[in-house]
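Below is one structure; the comments refer to it alone.
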Amino acid sequence: MAGYRAEDDYDYLFKVVLIGDSGVGKSNLLSRFTRNEFSLESKSTIGVEFATRSLNVDGKVIKAQIWDTAGQERYRAITSAYYRGAVGALLVYDVTRHSTFENVERWLRELRDHTDPNIVVMLIGNKSDLRHLVAVSTEDGKSFAERESLYFMETSALEATNVENAFAEVLTQIYRIVSKKAMETGDEGAASAVPSQGEKIDVSKDVSAMKRVGCCSS
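This note's numbering puts the first residue of the sequence shown at 32, with every later residue one more than the last.
So, in C-alpha cells, the structure goes:
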C-alpha cells in the first residue's frame with residue numbers, strides 16, 4: 032500500500048528518560064503521549080518500563096523510546112542503566128507539591144552525572160489542571176529553567192494539555208542537533224543512521240546555543 036511504513040521503519044531512534052519524584056505524573060505523561068490514555072488509579076511504577084512512539088520531524092521519522100522509572104529512593108540502584116544512552120529528558124515536578132519542585136535540582140544533578148551534561152532537557156510542571164491547588168508558580172518554574180538552560184512547559188496529563196508539545200519539542204531539538212552535526216561533518220550517512228538501542232549520541236556543545244534561544248511555556 033502506497034505511503035505505508037512498517038512499525039520499525041524509522042530514520043532515528045532517540046532514548047528519552049522521564050525523571051522526578053514519585054507521584055508527579057511521569058507514568059501518565061508517558062501513557063498519554065504513547066497511548067493517549069490516562070489512569071486516575073495510576074500506582075507507583077516498580078522498576079523500569081518504556082514505551083515507544085514515532086513522530087515526523089522535517090520529513091524524517093523519529094522513533095522515541097521513552098523510559099519511565101519510580102522516583103522512590105529504593106529503586107535508585109537502576110540509575111546508570113536507566114540514563115545510559117539518553118539524548119533527552121523530561122524532568123517532572125507536580126505544581127501542587129512544592130517539595131517535588133525543591134527536588135528538581137537534585138534530579139538534574141543526577142541526570143548530568145550520568146549523561147552528557149548538554150542533553151536536551153525540558154522541565155515539566157505537571158498537573159496544571161489543578162489550578163486551585165497550585166503551590167509552584169509558573170514564574171518559579173520558568174526562572175529555574177532559564178537559570179539551568181532548560182526548556183520549560185506546564186502540562187496536564189489528565190487534560191492532555193501540552194503533553195504532545197513537550198515531547199515533540201524535545202525530539203525536534205535533539206533531531207536538529209544531530210542533523211546539524213551531520214551537515215557540519217559532511218557525513219551524509221550520519222543523517223540517515225539509526226543509532227542502536229543504548230548507543231549514545233554525542234549532543235555536546237551545540238545544545239547550549241540552541242537552549243539559550245528560548246523557553247517554551249503555555
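No residue lacks a Cβ here, since even glycine has one placed at the ideal position from N, Cα and C. Please read all numbers here as calculations on a predicted model, not as lab measurements.
- When the alpha-carbon of ASP144 is set against those of LYS91, TYR114 and GLU68, the nearest one is in TYR114.
- Between the C-alpha atoms of HIS129 and ASP160 there is a straight-line separation of about 16 Å.
- Judged by beta-carbon spacing, ILE205 lies within the 8 Å limit of VAL151, meaning their Cβ atoms are closer than that value.
- In this structure, VAL126 lies near LYS158, with their beta-carbon atoms less than 8 Å apart.
- Ranked by how close their Cα comes to the Cα of GLY116, the residues LYS211, VAL47 and SER187 have VAL47 in first place.
- Note: SER85 is bridge-paired with LYS94 in the DSSP secondary-structure output.
- Residue nearest to GLY119 within the set THR169, THR216, ARG207 and GLU215 is ARG207 (criterion: CA-CA distance).
- With fewer than 16 other Cβ atoms from the protein chains shown falling within 10 Å of its own Cβ, ARG140 counts as exposed.
- Beta-bridge analysis with DSSP links TYR124 to GLY156.
- In the DSSP assignment, TYR182 falls outside any alpha helix (DSSP H) and lies within the beta strand (DSSP E) extending over 182-185.
- Here GLY119 carries a strand assignment [DSSP, helix/strand/coil].
- The alpha-carbon of PHE183 is positioned some 27 Å away from that of ASP42.
- Scanning its chain for C-beta atoms nearer than 8 Å, with the 5 sequence neighbours on each side dropped, one finds around LEU122 the residues ILE50, GLY51, VAL135, TRP138, LEU139, LEU142, VAL152, MET153, LEU154, ILE155 and LEU181, in chain order.
- Ranked by how close their Cα comes to the Cα of VAL55, the residues ARG84, GLU133 and GLY90 have GLU133 in first place.
- When the alpha-carbon of THR192 is set against those of ALA213, GLU72, PHE64 and GLU177, the nearest one is in PHE64.
- Listed as beta-bridge partners of TYR43 by DSSP are ILE93.
- In the DSSP secondary-structure assignment, ILE50 is bridged to LEU122.
- Following the DSSP letters along the chain, one finds VAL201 inside the alpha helix (DSSP H) bounded by residues 194-215.
- In the DSSP assignment, PHE175 falls within the unbroken alpha helix (DSSP H) covering 169-178.
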